[in-house]
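Visitor:
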Amino acid sequence: MLASAIETTVDAFLGGRVEAVQPARGHHRSGLDAVILAAALGAGASGRAVDLGAGAGVAGLALAARASRLRLVLVEREPDLVACASEALARPANAGFSARVEVVRADLLAGAARKAAGLEAASFDHALMNPPFHDAGRVRASPDDFRARAHVLGVGGLDDWFRAAAALVRPQGTLSTILPADRLPAILAACDGRFGGLAVLPLHPRADDPATRVLVRGVKGSRAAMRLLPGLVLHGGSGSSFQPGLVAILRDGASLADIHPVWSDPQWGEAATDPS
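If you number the sequence shown the way the UniProt record's numbering does, the last residue is 276 and the count never jumps.
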């Protein structure tokens, strides 16, 4: 139980290498999307990375566990989730990387709030985010305020999130994001003039299924053309078991480039690949 008095669970990721503290109910709970997002960067990534709208910190913690030369800042505005992420850093399972992770409470969409929280412009080498994905007024929001804010965008839509990411990432730094596949047009529009050299990876539940998610990465200021990559299939056959490559990501901490080499990109260097 946290000081915020919410009920929580301790959830293991990467085969127990990471333990996250998450609200038991009422808030968005991270899972598959967060771990896949963390796998966008390889073990050789270095410098500073920021997890925007980090929630309880699952994506950032999973990335920190694999990329030993990377320092992470987890940015979240909801006090209960900030408390969860902070408590996770004290878990013994996370002792090997917790000193490289900082949790910051801030409204990342407000420039003044970012600056007040010490989030300086162009101060990060990498950003990752799994933002809300529904446009306001297009869906019936959850009656739970916390869950609604996690899933429904503000009036500025996705553009506000990509603007914030572009403000924080240095020139030639990278952004990785995961969203429902039907938001790809909005992602491309929000990247225009900010992030180029886009790589779009469709994620298919099964080989014959349409993609339900897209993982997109970009390089700030790049003018390279977009690449639509061969998709990644999550499950084999009709069952719920994951493909071996996904098991390597979810249990063993592999990166996407380890199991899907087309994800590698010379622009990213060691950020996308294992230095070994």
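C-beta atoms are modelled at their ideal positions from N, C-alpha and C, and glycine is treated no differently.
Given the structure is predicted, the values throughout are model-derived calculations rather than measurements.
What would DSSP say about Asp33, mapped onto helix, strand or coil?
Guide: helix
Visitor: Is it the case that the Cβ atoms of Ile187 and Ala39 are separated by a distance below 8 Å?
Guide: No, the Cβ-Cβ distance between Ile187 and Ala39 is not below 8 Å.
Visitor: If you reduce the DSSP assignment to three classes, tell me which class Phe162 lands in.
Guide: helix
Visitor: Across the stretch 249-265 and the stretch 69-81, are there enough close Cβ pairs to call them in contact, namely three or more that are closer than 8 Å?
Guide: Short answer: they don't touch.
Visitor: Apart from the five residues just before and just after Ala207, which ones in its own chain have a Cβ nearer than 7 Å to its Cβ?
Guide: Hits under 7 Å: Val233.
Visitor: Taking just the CA atoms, how far does Pro244 sit from Asp125?
Guide: Inter-residue distance for Asp125 and Pro244 is about 31 Å (C-alpha atoms, whole angstroms).
Visitor: Considering Cα atoms alone, identify which of Ile259, Gly239, Pro92 is closest to Leu246.
Guide: Closest option to Leu246, Cα to Cα, is Ile259.
Visitor: Alpha carbon to alpha carbon, how far is Arg163 from Leu175?
Guide: 11 Å
Visitor: How many Å lie between Ala65 and Ser46 at the Cα?
Guide: 13 Å
Visitor: By Cβ distance below 7 Å, which residues in the same chain neighbour Gly60 in space, the five residues on each side in sequence not counted?
Guide: Asp51, Ala54, Leu72, Leu74, Val101
Visitor: DSSP state of Ala39, grouped into three classes?
Guide: Here Ala39 sits in coil by DSSP.
Visitor: In the DSSP assignment, find the unbroken alpha helix (DSSP H) run with Pro244 in it and report its ends.
Guide: Residue range 244-252 is occupied by the alpha helix (DSSP H) that includes Pro244.
Visitor: Between the stretch 207-218 and the stretch 177-193, do at least 3 Cβ pairs fall closer than 8 Å?
Guide: With the cut-off at 8 Å, the stretch 207-218 and the stretch 177-193 touch.
Visitor: Quick one, are the C-beta atoms of Arg194 and Leu158 less than 8 Å apart?
Guide: no
Visitor: Cα-Cα, which of Leu201, Val21, Leu256 is closest to Ala90?
Guide: With distances taken between Cα atoms, Ala90 lies closest to Val21.
Visitor: Nearest CA to the CA of Phe242: which residue from Arg25, Ile36, Ala49, Pro171?
Guide: Ile36
Visitor: Less than 8 Å between C-beta atoms, sequence neighbours within five positions excluded: which residues of the same chain meet that for Leu2?
Guide: Here Leu2 scores only 43 on pLDDT, less than 50, and its place in the model is too uncertain to base an answer on.
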